[in-house]
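Participant: Before I ask anything, here is the structure I am working with.
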Amino acid sequence: AIWSLGTHIFDIFRSYPYLYLIGVKAGGKSKVLTMTSLFVKDSLFTAGISSAALFRTIEKEKPTVLIDEMESMSKEANDDIRLIVQAGYKRGGKVIKCVGKNHEPKGFEIYSPKVFASIRVPNDVFESRCIPIIMRRTMNRKIANKEIKIEDNFWKNYNVACKGSIERVKDTIKEVYEKIEDEKLFG
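For the record, in the sequence shown the residue sitting at position 153 is 165 according to this note's numbering, with numbers rising by one throughout.
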């Protein structure tokens, strides 16, 4: 829950760890991603997106990116996701891509909160930038079959309330964070 609240003010931090949902098929990962998408800042929930669209969207909108079923992505998409994972957890992280008809190199800023779900961990670099959440399949069919009514106004109102609550204390959090960072750097 605290991670989800933090997405509304992630830009004050030098880095922001990813959430990583890992577990067996039908273990509830997609349901947790759906729930998480209702609480975070400007959610972009997808099971597939082109790298060009992803780089541009992150740079322009700074959404919280939620990617489901990473293991089913193509090799090219996984290579691009790997680039995002390597650089996108830290302020100033960029991916360079050639754009336009002259193929000019352009740096895309890709720092934003991200949540990934998969049945396996892609690599140790990825794992080092994540808060892992190990998912297990419930035996309670009532819970497993329950649908989330994402169109219910309750969720929109809840998200607005969460954003408002965290925005009210953003300056205090920033001040404390900077003090902690200064003490780490200068003793």
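The beta-carbon is built from N, C-alpha and C at its ideal position, and this holds for glycine as well.
All values derive from a computational prediction rather than experimental measurement.
Cβ-heavy atom distance between Asn-157 and the ligand NAD below 6 Å?
Facilitator: You won't find the ligand NAD in this model; it holds no ligand whatsoever.
Participant: Are there 16 or more other CB atoms within 10 angstroms of the CB of Cys-110, so buried, or fewer, so exposed?
Facilitator: When all chains shown are included, Cys-110 counts as exposed.
Participant: With H, G and I counted as helix, E and B as strand and the rest as coil, what does DSSP make of Val-127?
Facilitator: Strand, per DSSP.
Participant: Using a C-beta cutoff of 7 Å, does Ile-143 count as contacting chain C?
Facilitator: Within the model displayed, chain C is absent; a lone protein chain is all it includes.
Participant: Enumerated in chain order, which unbroken segments of the beta strand (DSSP E) with a length of 3 residues or greater are wholly contained in the region 49 to 110?
Facilitator: For the region 49 to 110, whole beta strand (DSSP E) runs of length 3 or above, ordered along the chain, are 55 to 58, 76 to 79.
Participant: Please state the DSSP three-state secondary structure of Met-147.
Facilitator: Residue state, collapsed to three classes: strand.
Participant: Using three-state DSSP, classify Ile-34 as helix, strand or coil.
Facilitator: Ile-34 falls in the strand class under three-state DSSP.
Participant: Can you tell me where the beta strand (DSSP E) with Glu-116 in it begins and where it stops?
Facilitator: First-last of the beta strand (DSSP E) with Glu-116: 116 to 121.
Participant: Is there contact here, the region 135 to 154 with the region 24 to 34, by at least three beta-carbon pairs under 8 Å?
Facilitator: Cβ pair count under 8 Å is three or more, so yes.
Participant: Mind checking whether Asp-23 and Ser-63 have CB atoms under 7 Å apart?
Facilitator: No, the Cβ-Cβ distance between Asp-23 and Ser-63 is not below 7 Å.
Participant: Taking the C-alpha atoms as reference points, what is the distance between Glu-187 and Ser-124?
Facilitator: Approximately 21 Å between the Cα atoms of the pair.
Participant: Assuming Met-147 contacts Lys-72 under a Cβ cut-off of 8 Å, what Cβ separation, rounded to an integer in Å, is found between them?
Facilitator: At roughly 31 Å, the Cβ-Cβ gap does not stay under 8 Å, so Met-147 and Lys-72 are not in contact.
Participant: Nearest-angstrom Cα distance between Leu-45 and Ile-162?
Facilitator: If I take the Cα positions, the gap works out to 12 Å.
Participant: Measure the Cβ-Cβ separation of Leu-56 and Pro-75 and say whether it is below 7 Å.
Facilitator: Against a cut-off of 7 Å, the Cβ pair of Pro-75 and Leu-56 comes out as a contact.
Participant: Which partner residues of Ser-27 appear in the DSSP bridge assignment?
Facilitator: DSSP, once it has assigned bridges, lists Lys-102 as partnering Ser-27.
Participant: Would the beta-carbon of Ser-16 fall within 7 Å of that of Phe-51?
Facilitator: Going by C-beta atoms, Ser-16 is nearer than 7 Å to Phe-51.
Participant: Just confirm the distance between the C-beta atoms of Thr-184 and Val-127, as a whole number of angstroms; I'd bet it's less than 8 Å.
Facilitator: About 26 Å separates the two Cβ atoms, so there is no contact after all.
Participant: Evaluate Asp-164 with the Cβ neighbour count: other Cβ atoms within 10 Å of its Cβ, from every protein chain shown; 16 or more gives buried, anything less gives exposed.
Facilitator: Its Cβ having fewer than 16 others within 10 Å, Asp-164 is exposed.
Participant: What separation, rounded to the nearest whole angstrom, lies between the Cα atoms of Cys-174 and Asn-114?
Facilitator: Each residue's Cα considered, the two are about 45 Å apart.
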